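The working numbering applies: residue 8 is where the sequence shown begins, and numbers increase by one. Glycine included, every Cβ here is placed at the ideal spot set by N, Cα and C. No experiment lies behind these values; they were computed from the predicted model shown. What follows is one structure encoded as structure tokens, with my remarks underneath.
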Amino acid sequence: MDARNNRREENGHSVITATRLHDGRIVWFTAENTWAENFRSAKIFTNSEVVFAIEAVKEDEKKHIVAYVYGVELQEGTSQPTPRTIRERIRAFGPTIHPEFATKAAESL
């Protein structure tokens, strides 16, 4: 299991992310059991659920749909779901550059 999955607060929440293999895009697992580029589409799991959900979603790794599946813990006490770490915020919302150069997924936020 990925080491990042072992550092979760007991009462927190997480989402699942991966890299889509056919184009290398960062994707988020949705409530519709699909992958979306928009972070806001991600299904939110409790931290106790996410470990089991990751194992189920890893079937998509075996099918070569995605790679590097892991959970991203969310910051508690924010008005909208936000990844806890800077690394994951950049993956979710795009690089820390001028909005003119952001991807379409970041523009929709």
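The Cβ-Cβ distance between A74 and T41 does not fall below 7 Å. At the C-beta level, V64 and F46 stay beyond 7 Å of one another. At a Cβ-Cβ threshold of 7 Å, R15 and E56 do not count as neighbours. The bridge partners DSSP lists for V73 are R27. In this structure, the straight-line span from the alpha carbon of T53 to that of H71 is close to 27 Å.
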